[in-house]
Amino acid sequence: MKFSIIIVTYNRPKELLSCLESIRAQRIEIPYEVLVIFNGDRSYLEKFSRVFSKFKMQFIHKTTPSNARNHGLLKAQGEYIFFLDDDCTLPADYFSHIDFNTNWDVLGGPDQTPKKSTPFQVITGRALSSSLCMGPTKKRHTSGKYYSKNADERMLILCNLWFKASLFKNEGFKFNADLFRNEENFLLKELKQANKIIHYSPKLIVYHQRKNDLEKLGLSIIKSGECRVQNFSLIPNSRELLYFLPLFWLIGFFYALFNPESLIVYFYAAYSVLVAFQYLFLYKSSHFLYIFLYIFLHYFTLTTYSIGLIKGLWKFSPQIYAKSRANKSFISESKSK
């Protein structure tokens, strides 16, 4: 078996149907398998088993997504493991961008907004690919030209991620079962510390459905911020402090709100203008509502992410303090093996 595709799903039948249909439509000439893990919801298991009889479906009792993925790893028989989210679809030429003869341990690419998306979803996707919004992690959502043979977790995303199966079966790596989100970040840090070869291919894209309302988007971003702190509490590293910069952005923003005559107001005004010009330059569109939404989503993303960081710091500060006291270099070599 050359590779195994592992999909963990929970109560998203419409999205899962599109995902599996996009896999079935591929022209794959090497042996592979598809493992669908129904995490705590068996409502559609029988139906999907009938429609996709060649794919393997399994129900497990509700657990964290990371633990569900570990369960899938125990069942997988492929030499390579491909993790795909249930709300993603594959473009027709997806597998033409994978070279199994290249010496990599981990390979990933970006996600893109599906072509059939609402204007809100399209602008959300554009904000996610903005360096003014996402900083060093924008490559997770940006299709470009430059292939990297020295990638890290800032460039990779779990909805489109390949691993050599030997990392799990022979070397004992696994997802941290306590993590509810961003579990790939923690694993990729461990693999990087172990000097594994991690590649990023900008042409290896999947289409990832964006949230279609502010509430769902906000809750998702808050959870990302919170889990970023949880990751940091497990492997404290001074270089990771970069991800806490949005906290200063939020503090400054509220200071500007209550002190409209302060000079810091000009910083946020200049930031808004810069974001607007970025949109005009990249997308050649002067649609006022789209530009306004693009700017708003930058502010919204940074604000909700900061709220998540605050929640995470409230929860995990004791662990961070204990780790930093125990390790004066502020770098932990802990493993989840």
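First residue of the sequence shown? That's 99 in my numbering, and the numbers climb one at a time after it.
Beta carbons are placed, not taken as given, at the ideal position from N, Cα and C, and that holds for glycine.
Since the structure is predicted, the reported quantities are computational estimates derived from the model, not experimental observations.
Residue 320 sits in a helix when the DSSP states are folded into three classes.
Within the segment 147–181, complete beta strand (DSSP E) segments of at least 3 residues are found at 154–158, given in chain order. DSSP, read as helix, strand or coil, puts residue 262 in strand. Scanning the segment 225–276 for uninterrupted alpha helix (DSSP H) segments of 4 residues or longer gives 229–232, 264–267, listed from N- to C-terminal end. Counting only the Cα atoms, residue 147 lies some 7 Å from residue 153. Just measuring C-alpha positions, the residue of 136, 196, 187 sitting nearest residue 128 is 196. Linking residue 223 to residue 210 through their CA atoms gives a straight-line distance of about 7 Å. With a 10 Å radius around the Cβ and a threshold of 16 neighbouring Cβ atoms, residue 164 comes out buried. Excluding five sequence positions before and after residue 363, the CB atoms of its chain that fall closer than 6 Å to its own CB belong to 354, given in chain order.
By the neighbour-count definition (other C-beta atoms within 10 Å, threshold 16), residue 184 is a buried residue.
Burial is judged here by how many other beta carbons sit within 10 angstroms of a residue's own beta carbon; residue 101 has at least 16 and is buried. Taking residue 240 as reference, the option from 326, 249, 228 with the minimal CA-CA separation is 228. Burial check for residue 232: the Cβ neighbour count within 10 Å reaches 16 or more, so the residue is buried. Contact between residue 207 and residue 303 holds: their C-beta atoms lie close to 6 Å from each other, under 8 Å. Spatial neighbours of residue 345 in its own chain (CB-CB distance under 8 Å, excluding positions within 5 residues in sequence) are listed in chain order as 404, 407, 408. DSSP, read as helix, strand or coil, puts residue 142 in coil.
Distance from residue 150 to residue 178 at the Cβ level is roughly 21 Å; contact not present, criterion being Cβ atoms closer than 8 Å. Residue 297 carries a strand assignment under DSSP once its states are collapsed to helix, strand and coil. According to the DSSP assignment, residue 206 belongs to no alpha helix (DSSP H) but to the beta strand (DSSP E) extending over 204–206. Approximately 6 Å separates the beta-carbon atoms of residue 284 and residue 332; this is inside 8 Å, confirming the contact. With respect to the 8 Å criterion, residue 281 and residue 274 are classified as neighbours on the basis of their beta carbons.
Look at residue 419 here: in three-state DSSP terms it is helix.
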